[in-house]
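All remarks here apply to the structure that follows.
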Amino acid sequence: MENLAGRTAIVTGASSGIGEAVARTLAEAGMRVALAARRRERLEDLAAVLRRHGAEVLVQPTDVRREADVRALFAAVRERFGGVDVLVNNAGLGLAAPISSGETERWRTMLEVNVLGLCIASREALQDMERRGVAGHVVNVSSMAGHRVPGIDSAVYSGTKFAVRAITEGMRQELRAKQSPVRVSCVSPGYVETEFAEVFAGTKQAAAKTSARMKVLEAKDVAEVVRWIVTQPAHVEVHDVLVRPTEQRN
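Each residue of the sequence shown is one higher than the one before, starting from 528 at the first, in the numbering used here.
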């Protein structure tokens, strides 16, 4: 998939942060882009910008915790563009919720968004790609937290991202067993300047502490990694890219 022009990408969590940057980057590469997230207004604003630059864009409000929403997303993409070539599973969140005192609803939200929603979207994409016989690509946006547990409040969040690593490898094995041309990859960023830290910490002030200590990644840095992954030759499958700020220690 070295040439992305005219192909179709679905980006979940596209209303801000890494998802928004990925959508912009893939649209710049000539892809038709389906924007999926819960916040319609933000999606419409992004779509307007992309369309002004000549991109074909579909806006589909989607809560990945709702299977019906995910199915509707893929149905809309089939109707508008004929199917999907690249799925970027970017929707995700982290919440401070220790095992010893965390709220069950916080755990459930992270598991449903970061793991179950990713699985449902991946299934729908793989079935679409295989039905059409295309050499598509699934890219899972994970985290450095999927390689180590960064703090005492992060056990469940890290657990979901460790799960994404396992799911990515399991998906790869399934595809190889079927001799499918579809590839699956993961990208695991460290600290990135997005809304994630504010949501996790609960305050803008707490989230700003990390950015004050070091130059963190920008969302577009991660988006460029995604573009690099999906433009590799057909015989190259990038399994996982760890990308962190130069000053990040762990």
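Ideal Cβ positions, reconstructed from N, Cα and C, are used throughout, including at glycine.
Counting only the Cα atoms, ASP590 lies some 13 Å from LEU570. The region 635-683 contains, as complete alpha helix (DSSP H) runs of 4+ residues, the segments 645-659 (chain order). Taking C-beta atoms as the reference points, GLU594 and ILE647 count as a pair closer than 7 Å. Under the three-pair Cβ rule at 8 Å, the region 611-621 counts as touching the region 532-551. In the three-state scheme derived from DSSP, where H, G and I count as helix and E and B as strand, THR773 is classed as coil.
DSSP, reduced to helix, strand and coil, places THR535 within a strand of the structure shown. Distance from the CA atom of LEU577 to the CA atom of GLY533, rounded to whole angstroms, is 15 Å.
Within its own chain, the residues whose Cβ lies closer than 7 Å to the Cβ of ARG659, once the five positions on either side in sequence are excluded, are GLY610, listed in chain order.
Between GLY673 and ARG692, the C-beta spacing is below 7 Å. Every alpha helix (DSSP H) of 4 residues or more that sits fully in the region 543-609 is shown, in chain order, as 544-555, 567-579, 594-608. The secondary-structure analysis by DSSP pairs LEU744 across a beta bridge with VAL719.
Taken through DSSP and simplified to helix, strand or coil, VAL763 comes out as coil. In the structure shown, VAL714 falls within a strand segment according to DSSP collapsed to helix, strand and coil. By the Cβ test, the region 744-764 is in contact with the region 705-720, since at least three Cβ pairs between them sit closer than 8 Å. Secondary structure at VAL709: coil, using DSSP grouped into helix, strand and coil.
Just measuring C-alpha positions, the residue of ASP596, ASP680, ALA603 sitting nearest SER627 is ASP680. In the pairwise beta carbon analysis, the region 541-557 is classified as touching the region 737-750: at least three pairs are separated by under 8 Å. Counting C-beta atoms within 10 angstroms of its own C-beta, ARG675 has fewer than 16 neighbours from the protein chains shown and is therefore classed as exposed.
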